[in-house]
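In the numbering used here, the protein residues as written are 12 to 306.
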């Protein structure tokens, strides 16, 4: 959705967006990507950028970043990676292989208020080509001419790094958190969250009344209560989720995958424990049985 909003803000509109089919693991279909680029070129349309993802919002899927990067390079396209929360697996030596190909991006964006456990909101964009980055946003004005001395000497000219002329000090909480806890602490907590997601998925798969609806690549688990009339499963699961939220027991979200309404559990809390997920499953099954009798 952010890609569409970005295209709209740039004045390109939704017609400039090409959505690429995905495989069974919800990763970009590499062949479909190549074919769509070729089709656009044949139609006289000029592709400019390819966006890959590490940790999609819906399912936590990780694209084959190396393959996407290779196509972008062959076609002369800018390669942007949406790191959302998933890029931070790079902090863990045990999980860094999941981010293979990350270094090939022309630009990378990720949020630190998710898997760095920081207060909302703080995000980061990294651009590989310093000259391209600065020349895109650089402007001259008499009221901020560079100076070798005084209060504006040296430092970082934020106006050359984005749309904003200046900004508040969002980086301070990141710096302080890293200083206080260290990189290894965050790496271990990320590993813990991924283990918890795998654990939750194992409980779901072993329960006869639940169904896992997407592979668990990182920290997101999408599943549903299935022991009911197939035609009303979406409505049933939506009611389960709403009652669960209203009870205050847990606050999962939802999404729809291939027309199926999912209970979506995104684990980004350093305080979560495995028993929390056992309780979650127990309550979902209890609610599912109760609501099924009401339908």
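Even for Gly, the Cβ is constructed at its ideal location relative to N, Cα and C.
Predicted, not measured: the structure shown is a model, and the values here were computed from it.
Within 10 angstroms of the Cβ of residue i, are there 16 or more other Cβ atoms? Answer buried if so, exposed if not.
i	result
residue 21	exposed
residue 236	buried
residue 292	buried
residue 94	buried
residue 155	exposed
residue 178	exposed
residue 197	buried
residue 219	exposed
residue 290	exposed
residue 122	buried
residue 48	buried
residue 232	buried
residue 306	exposed
residue 180	exposed
residue 83	buried
residue 191	exposed
residue 2	Outside the modelled stretch of the chain, which goes from 12 to 306, sits residue 2, for which no answer is possible.
Does the Cβ-Cβ distance between residue i and residue j come in under 8 angstroms?
i	j	result
residue 61	residue 90	yes
residue 279	residue 210	no
residue 272	residue 245	yes
residue 54	residue 127	no
residue 171	residue 149	yes
residue 230	residue 208	yes
residue 268	residue 70	yes
residue 260	residue 299	no
residue 317	residue 185	What is shown of the chain runs 12 to 306, which leaves residue 317 out entirely.
residue 125	residue 96	yes
Residues in the same chain with beta-carbon distance under 7 angstroms from residue i, minus the five sequence neighbours each way, listed in chain order, please.
i	result
residue 88	58, 59, 60 and 61
residue 110	65, 98, 100 and 101
residue 262	256
residue 234	215, 221, 222, 223, 224, 273 and 274
residue 288	207, 210, 211 and 214
residue 173	148
Looking only at C-alpha atoms, which of the options sits nearest to residue i?
i	options	result
residue 303	248, 282 and 255	248
residue 35	26, 122, 227 and 28	227
residue 80	45, 233, 197 and 215	45
residue 256	221, 294, 283 and 196	294
residue 25	14, 147 and 175	14
residue 131	78, 265, 182 and 289	182
residue 205	136, 147, 270 and 277	277
residue 108	74, 85 and 160	74
residue 238	175, 56, 23 and 297	297
residue 270	159, 242 and 254	242
residue 301	283, 254 and 264	254
Checking the sheet assignment: what are the DSSP bridge partners for residue i?
i	result
residue 122	134
residue 236	221
residue 95	121
residue 231	277
residue 265	274
residue 89	60
residue 73	65
residue 33	39
Give every residue of the same chain whose Cβ lies closer than 8 angstroms to the Cβ of residue i, excluding the five residues on either side of it in the sequence, and list them in chain order.
i	result
residue 76	63, 65, 92, 110, 111, 112, 113, 115 and 116
residue 202	103, 105 and 106
residue 18	24, 25, 27 and 28
residue 163	155 and 157
residue 258	294
Using C-beta distances below 6 angstroms, list every residue in its chain close to residue i, excluding the 5 sequence neighbours before and after it, in chain order.
i	result
residue 200	281
residue 119	92, 94 and 137
residue 32	40 and 43
residue 176	170
residue 29	47
residue 78	41
residue 134	122
residue 86	48
residue 144	138
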